[in-house]
Every structure is written in C-alpha cells, then in structure tokens.
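Student:
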Amino acid sequence: MTTYQPHQSITDLFNLKGQVAIVTGGALGIGQGIAFRLAEAGATVMITDINPEAAQSTVAQIKESGGTAASMMANVANLGDEKHAIEETIKIFGRLDILVNNAGIFPFAPALEVTEQLWDKVMGVNLKGLFFTTQAAAREMIKQGHGGKIINIASIDALHPSGMLVHYDTSKGGVAMMTKSLALEFGPKNILVNAIAPGGIQTPGASSPDTSEELLKAFTARIPLRRMGIPDDIAKAALFLASDMASYMNGSLIVIDGGYLQA
Numbered sequence: 168m169t170t171y172q173p174h175q176s177i178t179d180l181f182n183l184k185g186q187v188a189i190v191t192g193g194a195l196g197i198g199q200g201i202a203f204r205l206a207e208a209g210a211t212v213m214i215t216d217i218n219p220e221a222a223q224s225t226v227a228q229i230k231e232s233g234g235t236a237a238s239m240m241a242n243v244a245n246l247g248d249e250k251h252a253i254e255e256t257i258k259i260f261g262r263l264d265i266l267v268n269n270a271g272i273f274p275f276a277p278a279l280e281v282t283e284q285l286w287d288k289v290m291g292v293n294l295k296g297l298f299f300t301t302q303a304a305a306r307e308m309i310k311q312g313h314g315g316k317i318i319n320i321a322s323i324d325a326l327h328p329s330g331m332l333v334h335y336d337t338s339k340g341g342v343a344m345m346t347k348s349l350a351l352e353f354g355p356k357n358i359l360v361n362a363i364a365p366g367g368i369q370t371p372g373a374s375s376p377d378t379s380e381e382l383l384k385a386f387t388a389r390i391p392l393r394r395m396g397i398p399d400d401i402a403k404a405a406l407f408l409a410s411d412m413a414s415y416m417n418g419s420l421i422v423i424d425g426g427y428l429q430a
C-alpha cells in the first residue's frame, strides 16, 4: 500500500512570506479584514483606498501585530491611480504576487431613478476600474514570470438580484463573468483568477443611511444562520485563494452567505 506523503505542510501551504499583495479598498470593512489576514500569513500588503487616514490606521495595526504594510491613496475609478499604485508597490517592494480587487460601492436607487451619472459611477468603480486594475497587475505579473493570484470580490447579487440595486447587481454580475473570462486567458501564464461572492456582511457600508434597521432585520431573518457575516468570514476565504491551498483553483466563484441563497 502506498503511503500518502504530502508535499507541503499545512503551515507551509498557508505561508505567504516573501509575497507582496495589493488590496484595493483595504482601509475598512472586508478589505481591511483581508489585509489583516494576508499580513498575518506573512505577505507584505499595500493598501489602496480613497480614505488615507483609515488606510494609515489599518497599516499601523498591521505593523503593531508584526506585519509589513504600506498604503497609498487611490481611487479605483481613476484608472491612473491604481496603475500608479501598482508601479509604486513594485518599486518599493520589488514584486507583485497577489491582487485583491475589493473596492466597490452600492448606492441604493430605484431603477427608474438611476441616472447616467450614477450608473457610470457604479460601473466605474465596480467593473471598469476593477478590470483596468487587473490588467495593469497582470501585465506586471507576466513580466515577472512567476505567475500570481487575482481575487475579485463580487457579491451574491451576481447570482440573485436585490431591489433598488440594478446598477450594482449588473456590475457584480459582470465581475463574476469577468473572473471566468480572465481565468481562461491568464491561466497559461500561471495567473489564477477567482472570485468571492459575499452575502450580508457587517461593514461600514452595511450601516449606511440606505440600509435601515428594518431592512437589515428582514435580510438577517432569511439567513439560515440567523446572523450577518463579519469581514473575517470573507478574509479567510481570500487567504485560502491567495495561498498554495488553492493552487489548482481558477475561474471559481466562492459563495459565502450563511446559506442566504438556499433559503
């Protein structure tokens, strides 16, 4: 009988030491949780965000915990910002291994009240900005020659629509399909592209004026676990995708919603 001999220990499989990651929208919420976990696993993390103070605070917390991190102000909707952030990250840290496309917005609006300006704003951040950030990162990963990991934060709205969010739902549906398309194209370069579809997560965005207490209660009541998720629920999946544990996953969409879509 052949004895199973693992090639890497569990510890080694999750070890990101020596790797460099960029997390867009990494100052708060899900992005912050992902930045914390990647840094804990040994990655050097560059946080890009439109909120420089919050980003610097997250960097300080990572450093206090023994990790390595830096931050840059960048607006995903401004295509030059993220391209510059990628170039600066490589200039400072010497490489880029992981890109987490987390930045996103979800302003509520009935379909008949969605203006061209609002539509373009949501698409600019959630879809267009995500694509061109990915394009810039992939070019550098290909140039480096050692592959990489691209992790897109989609949403369960890519699979199940929500009221008053046609613009957001459309953008996240695009992210889900973009993930599959890029996985097909970048796979031969050993760049793995996967996505996570979070359900209801307790974040600053979920506590915005658009989300009333009644809406949150109704949403939570439908979740079989009867609770909202926390950023770390998504961060742990992102760590998995960034690690060698997911070395043969490409083009996948991981749903993390407490069972919401099954209800």
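The sequence shown lines up with residues 168 to 430 when you count with my numbering. Every residue, glycine too, gets a C-beta built ideally from N, C-alpha and C.
1) Could you name each continuous alpha helix (DSSP H) segment of 4 residues or more that falls completely within the region 375–414, going from the start of the chain to the end?
2) For residue 344, which of helix, strand or coil comes out of DSSP?
3) What is the DSSP secondary structure of residue 293, reduced to helix, strand or coil?
4) Taking all protein chains shown into account, decide if residue 351 is buried (16 or more other Cβ within 10 angstroms of its Cβ) or exposed.
5) Measure the alpha-carbon distance for residue 354 versus residue 261 and round it to whole angstroms.
6) Ignoring anything shorter than 4 residues, give me the alpha helix (DSSP H) runs that lie fully in the region 207–276, in order along the chain.
7) Quick one: what's got a C-beta closer than 6 Å to residue 218's C-beta in the same chain, skipping five residues either side?
8) Which whole-angstrom value describes the C-beta separation of residue 430 and residue 390, a residue pair presumed to lie in contact below a C-beta threshold of 8 Å?
9) Is it buried or exposed, residue 213, if we count other Cβ atoms within 10 angstroms and call 16 or more buried?
10) Determine the DSSP secondary structure at residue 183, reduced to helix, strand or coil.
11) Measuring only the C-alpha atoms, how far is residue 182 from residue 406?
12) With 16 as the cutoff for other CB atoms within 10 Å, does residue 335 come out buried or exposed?
13) Any contact between the region 299–318 and the region 266–274? By contact I mean 3 or more CB pairs, one from each, below 8 Å.
14) Helix, strand or coil for residue 325 per DSSP?
15) Spatial neighbours of residue 339 within its chain, please: CB distance less than 6 Å, with the 5 preceding and 5 following residues excluded, ordered by chain position.
16) Should residue 349 be labelled buried (16 or more other beta-carbon atoms within 10 Å of its own) or exposed?
Tutor: According to the structure shown:
1) 380–389 and 398–409
2) To locate residue 344, count along the sequence shown from 1; it is residue 177. Residue 344: helix per DSSP, three-state reduction.
3) Residue 293 sits at position 126 when you count from the first residue of the sequence shown. It is helical.
4) The residue you call residue 351 lines up with position 184 of the sequence shown. With fewer than 16 other Cβ atoms within 10 Å, it is exposed.
5) By 1-based counting over the sequence shown, the position of residue 354 is 187. By 1-based counting over the sequence shown, the position of residue 261 is 94. The straight-line gap from Cα to Cα measures roughly 23 Å.
6) 219–231 and 246–260
7) Within the sequence shown, residue 218 is the residue found at index 51, counting from 1. For residue 218, where only same-chain residues beyond five positions count, the Cβ hits under 6 Å are 194.
8) For this step, residue 430 is matched to residue 263 along the sequence shown. For this step, residue 390 is matched to residue 223 along the sequence shown. Between residue 430 and residue 390, the beta carbon gap of about 7 Å places them in contact (Cβ cut-off 8 Å).
9) As a first step, residue 213 is located in the sequence shown; it is residue number 46 there, counting from the start. Its Cβ being crowded by 16 or more others within 10 Å, residue 213 is buried.
10) For the purposes of this step, residue 183 is identified with residue 16 of the sequence shown, where counting begins at 1. If DSSP states are grouped into helix, strand and coil, residue 183 belongs with coil.
11) Along the sequence shown, read from residue 1 onward, the residue named residue 182 stands at position 15. Along the sequence shown, read from residue 1 onward, the residue named residue 406 stands at position 239. Going by the C-alpha atoms only, they are around 10 Å apart.
12) Counted from its first residue, the sequence shown places residue 335 at position 168. Label assigned to residue 335: buried.
13) Flag = yes, the region 299–318 and the region 266–274 touch.
14) Counted from its first residue, the sequence shown places residue 325 at position 158. Note: residue 325 maps to helix in three-state DSSP.
15) Mapped onto the sequence shown, residue 339 falls at position 172. Excluding positions up to five away in sequence, the list reads 321, 322, 324 and 325.
16) Stepping through the sequence shown from its first residue, residue 349 is reached at position 182. Label assigned to residue 349: buried.
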